[in-house]
Amino acid sequence: MQEFLDEIELCVPALRRYARALTRNPDRADDLVQDCIERAIRKQALWKPTGPLKAWLFRILLNLYRNELRVARRRGEHVAVDTLLVEPSVAPTQPGRIALAEIARAIETLAAEQREALLLVVLEGMSYSEAADVLGIPMGTLMSRLGRARAALRLATGAVDEPRLRTVK
Amino acid sequence: MNRAAFEIDTDALHAYADGQLTAEQNAAVEAYLAEHPDAAALVAQWQRQNDAMRVMFAPVAGEAVPPRLSPHAIDGRLRAGRMQMLRNVAAVFLVVTMAGSLGWYLRGAFWQEEPVSERLIDNAVLAHALYVKEKSHAVEAAADSPNLMRWLSNRIATPIDAPNLADQGFTFIGGRLLPGYNEDGAHGPAAQLMYENAAAERLTLYITGPLDDKKEVWKFENRDGVGAYYWANDAVTCTIVASLPENDVHLLGKKIFEQLTRKADSSWNPMGG
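Line by line, the protein sequences give chains A and B. Residue 1 is where the first sequence starts when you use the numbering used here, and the numbers rise one by one after that. Residue 170 is where the second sequence starts when you use the numbering used here, and the numbers rise one by one after that.
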């Protein structure tokens, strides 16, 4: 049991980071992580030691996050639309850089499934197969979500005027 | 990215931007991008998006984890919660058990069963009131009836003789069989003996066998203007009922109990006689 708790502890910083990026609200994010750890401890028996603990924890976190979204949507709440917590630390005018505030807002506009997939890969540095496993989707679906997420971000950050990829093959 | 079938497609560009390729594959993509500026610009843009996301959120992982997110602390809280729940359940169980026991223990205080002696005294007083008024049928069998006392003794399964109260001025005039009362609620038989003095005052004895507890009990009660002197021991149970002063009844009682007990204690065989 102590070993199990220690292993969870190692994953907590990553879980916090991912939850923060998903919710963009530090308190809600930590609440999610706390729920996630509680659930993991209670359902310890359900965890198959053959699979990686980290992926299992992220699955739990995602389920909690999606439930929360569902509940919020049913209540008609706006989930943190205007809680921009990260001010642009890089001048927006700086050439070649995307304003952080802009991309933060853009991430918010993404479909939840695209945001989940993009952040697992980019922020958590998961391999495509790991991310597909956590999300429970085939690799092809993951790739198309990534593609759509990135296209949407370009659109939202006004970067579409940059040269488009015409034919890739 | 399968090494054998590696070709530069959109997925490969994503993989390149996400740093998921082998060195060899990386080199291949870089060569491709050198020749395709459009693709290079797109990939560069993705990389800038990636950088922006990391700049914004990666530092969170370096922040100090709040104590409430420590798995050990959470586990402790869950255990404490479970213990508390167990304690609550145990407490409820204890309270219910104690309340039940207390209720059972106190049942006598709220629902006290009338002691057998009271029932016997009631019966004795009722029978006395009923039969002392009778002129010609005061008794079922007169004092001189053959085997009267043997019959009554047999019926109440206790050897009795009619006490001699001549010294107190009372003459035995006869007896009858009456319903008695047992501790298990059954109505066993009781013997009533009646005496009369010169002034035509009557007294009755209401006699049954010993009670189950065989305890010696003396009790005097005034009921409806008559005195009832109850007495129980391991040999016999008797209530004297008379409209006499308490002192007189006590004196009579002493005589009666002496004689009754002596007979009941003697080795007596109801079958043989």
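We put the CB at the ideal spot given by N, CA and C, even for glycine. Note that the structure is predicted; figures quoted are calculated from it, not measured.
CA-CA distance, residue 297/B and residue 276/B? 34 Å
Can you tell me whether residue 76/A is buried or exposed, with buried defined as 16 or more other CB within 10 angstroms of its CB? exposed
Which residues of chain B have a Cβ atom closer than 8 Å to the Cβ of residue 30/A, listed in chain order? 235, 237 and 238
Can you give me the C-alpha to C-alpha distance between residue 117/A and residue 252/B, rounded to a whole angstrom? 40 Å
Status (buried if at least 16 other CB within 10 Å, exposed otherwise) for residue 322/B: buried
Could one say the Cβ of residue 254/B lies closer than 8 Å to chain A's Cβ atoms, at least one of them? no
Going by DSSP in three states, residue 51/A sits in which element: helix, strand or coil? coil
With 16 other Cβ atoms within 10 Å as the buried cut-off, status of residue 314/B: exposed
Would DSSP call residue 24/A helix, strand or coil? coil
Segment contact, 8 Å Cβ cut-off, at least three pairs: the region 37-47 of chain A with the region 17-27 of chain A: no
Residue 129/A versus residue 181/B - alpha carbon distance: 14 Å
Limits of the alpha helix (DSSP H) - the one that residue 142/A falls within: 139-156
Neighbour-count burial assignment, residue 333/B, 16 or more Cβ in a 10 Å radius: exposed
Does the Cβ of residue 394/B have 16 or more other Cβ atoms within 10 Å, making it buried, or fewer, making it exposed? exposed
Straight-line gap, residue 405/B to residue 383/B (C-alpha atoms, nearest Å): 9 Å
Nearest candidate by alpha-carbon position, reference residue 218/B, set 122/A, 133/A, 11/A and 142/A: 122/A
Can you check which of these residues, 47/A, 7/A and 58/A, is closest to residue 32/A by C-alpha distance? 58/A
Is the shortest distance between the beta-carbon of residue 134/A and the beta-carbons of chain B less than 8 Å? no
Alpha carbon to alpha carbon, how far is residue 274/B from residue 60/A? Give it in angstroms, no decimals. 54 Å
Just how far apart, CA to CA, sit residue 295/B and residue 262/B? 50 Å
Please compile the residues from chain A whose C-beta is within a distance smaller than 8 Å of the C-beta of residue 219/B. 122
Could you compute how far the alpha carbon of residue 372/B sits from the alpha carbon of residue 420/B? 13 Å
Span separating the alpha-carbon of residue 14/A from that of residue 158/A: 30 Å
Anything in chain A within Cβ reach of residue 247/B, meaning under 9 Å, just list it in chain order. 38, 41 and 42
Output, in chain order, the set of chain A residues within a Cβ distance shorter than 9 Å of residue 194/B. Residues of chain A passing the Cβ test: none, with the nearest at roughly 13 Å.
Interface residues of chain B around residue 177/A at Cβ under 8 Å? Nothing about residue 177/A can be read from this structure; chain A reaches only from 1 to 169.
Does any residue of chain B bring its CB to less than 8 Å from the CB of residue 138/A? no
At a CB-CB cut-off below 9 Å, which residues of chain A make contact with residue 198/B? Ordered by position in chain A, no residue passes the 9 Å Cβ test against residue 198/B, which lies about 11 Å from the chain.
Which residues in the same chain as residue 83/A place their Cβ atom closer than 8 Å to its Cβ, once the five residues preceding and following it in sequence are excluded? Residue placement at residue 83/A cannot be trusted, given a pLDDT of 44 that sits under 50; what the coordinates show is reported in the next sentence. Answer for residue 83/A: 24 and 25, listed in chain order.
So, are the CB atoms of residue 113/A and residue 247/B less than 8 Å apart? no
Is the beta carbon of residue 183/B sitting closer than 8 Å to the one on residue 143/A? yes
Give a yes or no on whether 8 Å exceeds the smallest Cβ distance from residue 273/B to chain A. no
Going by C-alpha to C-alpha distance, which of 326/B, 392/B and 186/B sits closest to residue 214/B? 186/B
Would residue 33/A count as contacting chain B if we go by Cβ distances under 8 Å? yes
With a 10 Å radius around its C-beta and 16 neighbouring C-beta atoms as the bar for buried, classify residue 341/B as buried or exposed. buried
Range covered by the alpha helix (DSSP H) that runs through residue 200/B: 192-204
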